[in-house]
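As structure tokens, the structure follows; a few thoughts come after it.
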Ligand SMILES: Cc1ncc(COP(=O)(O)O)c(C=O)c1O
């Protein structure tokens, strides 16, 4: 009999996923090996067309990774040196790093403390403080697999004539309150196929998608040295192509994506209910209210679809290291997304942001911790996670 002490729960178990699709993957990988066609080709074209259909947009352009996808989108929109781009300070580094790589300047904004998403009010206020015409674009990030408030962001963008790149690296298949697939509302959506993403390859990969044929044409060119036709260069682009092995693997995996997202949602519901029964809440004030000092993620609002790329809980900053250790001792994986806001990173010190500039994001960075949510979790594994988290959090009172 397996007992709780035998149960291990990695943060993500890609071997468990591979075991369920091995028989589908091996022949397509073999097919690519036999073809000896590794860059571009029919597999990449098929993945682009299947992804476009899945994302409900006419055009999808594969590339090397989700960071390059943002660079290609910025290039296609003509954003570069001297331009400013508004990004949340609480996200993975690429959102801002890609802005810097094209020579533009990231302008950071705070998050909504309840949803962790970019706060549209902060975007509006920041625009007032910038020189007229300096800001050219906004990059909302659909963080953790949850949609941003796209209505509010698009309204601001229209009012100020700004371009919008949706960073959907963590949110392939996420839908907003109107049921729109994220990435399809702004000018360009960008995606990552990094192995730990809900749709992950066997290495790096990325994608840009758009409803605008002209932008798609530009991104196609930019991903291949700005070249068209062969050896004729309109622009200085990147070498950022998707390889055929990744496309072959992703073509198999994309057919499982909705089932995997549904399993993640079911796991999230399990955690939500178990933690709520013990006194946790989703309120942004929950850690200050004197009840159980544990906050669970905001569920998706009516009509929206959360794909739970991460399941992020929150405990008082003074307790987070204890919780991490308790999880480690119980053989449970966890991760901090993200321990340091981007405005506080060394590489952005010259931008002059001070500690306390973005209080909601800074507080989140001290309190968040992601626990395992992957589709293949067993009932016993989930129960083990819940018991371990609750035992640790109760000790902190
Ligand atoms: C929000 C966000 N943006 C961009 C990226 C970059 O994707 P990649 O690692 O494929 O370059 C990531 C990847 O972690 C991400 O989480």
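Residue numbers (the numbering used here): 90 to 486. Just so it is clear, CB atoms sit at the ideal spot from N, CA and C, and this is done for glycine as well. Computed from a predicted structure; not experimentally measured.
- By the neighbour-count definition (other C-beta atoms within 10 Å, threshold 16), residue 128 is an exposed residue.
- For residue 152 and residue 196, the gap between their C-alpha atoms comes out near 26 Å.
- DSSP places residue 322 within a strand segment (E or B) once states are collapsed to three.
- Of the residues 472, 469, 199, 461, the one whose Cα lies closest to the Cα of residue 453 is 199.
- Scanning the stretch 231-316 for uninterrupted alpha helix (DSSP H) segments of 4 residues or longer gives 239-249, 302-311, listed from N- to C-terminal end.
- Residues 187, 190, 191, 327 of the same chain have their beta carbon placed closer than 7 Å to that of residue 160, with the five preceding and five following residues left out of the count.
- In the DSSP annotation of this structure, residue 112 is not part of any beta strand (DSSP E); the continuous alpha helix (DSSP H) holding it starts and ends at 103-124.
- Contact between residue 254 and residue 238 is absent: CB atoms are separated by about 16 Å, not below the 8 Å threshold.
- Beta-bridge annotation (DSSP): residue 328 is paired with 313.
- With distances taken between CA atoms, residue 362 lies nearest to 383 out of 377, 114, 383.
- Close to ligand 1, as judged by a C-beta nearer than 6 Å to any of its heavy atoms, are the residues 154, 155, 156, 180, 181, 183, 184, 230, 256, 258, 259, 281, 283, 293, 295, in chain order.
- In this structure residue 155 is in contact with residue 281, their Cβ atoms being roughly 3 Å apart against a cut-off of 8 Å.
- In the DSSP assignment, no residue is bridged to residue 378.
- The way I'd put it, the stretch 94-101 does touch the stretch 451-470; three or more beta-carbon pairs between them come closer than 8 Å.
- Residues 117, 132, 135, 136, 139 of the same chain have their beta carbon placed closer than 8 Å to that of residue 340, with the five preceding and five following residues left out of the count.
- With at least 16 other beta carbons inside 10 angstroms of its own, residue 274 counts as buried.
- Counting of Cβ neighbours within 10 angstroms places residue 170 among the exposed residues, the total staying below 16.
- Residue pairing by DSSP places residue 167 in no beta bridge whatsoever.
- Membership of residue 178 in any alpha helix (DSSP H) is not indicated, and neither H nor E is assigned to it by DSSP.
- Relative to residue 223, the option among 183, 249, 201 whose CA is nearest is 249.
- With respect to the 9 Å criterion, residue 266 and residue 357 are not classified as neighbours on the basis of their beta carbons.
- In terms of CA proximity to residue 209, 240 leads the group 240, 193, 147, 299.
- If you keep only unbroken alpha helix (DSSP H) runs of at least 4 residues inside the stretch 337-415, you get 346-366.
- Comparing alpha carbon positions, the residue from 279, 318, 475 closest to residue 412 is 475.
- Here DSSP, grouped into helix, strand and coil, assigns residue 151 to strand.
- Minimum Cα-Cα distance from residue 215 among the listed residues 177, 182, 203 corresponds to 177.
- Linking residue 207 to residue 201 through their CA atoms gives a straight-line distance of about 6 Å.
- Taking the Cα positions, residue 425 is about 14 Å away from residue 407.
- Annotation: residue 429 is outside any beta strand (DSSP E) and is labelled neither H nor E by DSSP.
- Taking every protein chain shown into account, the CB of residue 450 has 16 or more other CB atoms within 10 angstroms, so this residue is buried.
- Closest by C-alpha distance to residue 457, out of 416, 428, 109, 115, is 428.
- Around the C-beta of residue 320, fewer than 16 other C-beta atoms lie within 10 Å, and the residue is accordingly described as exposed.
- Straight through space, the alpha carbons of residue 184 and residue 212 are spaced by roughly 16 Å.
- No Cβ-Cβ contact shorter than 9 Å links residue 174 with residue 308.
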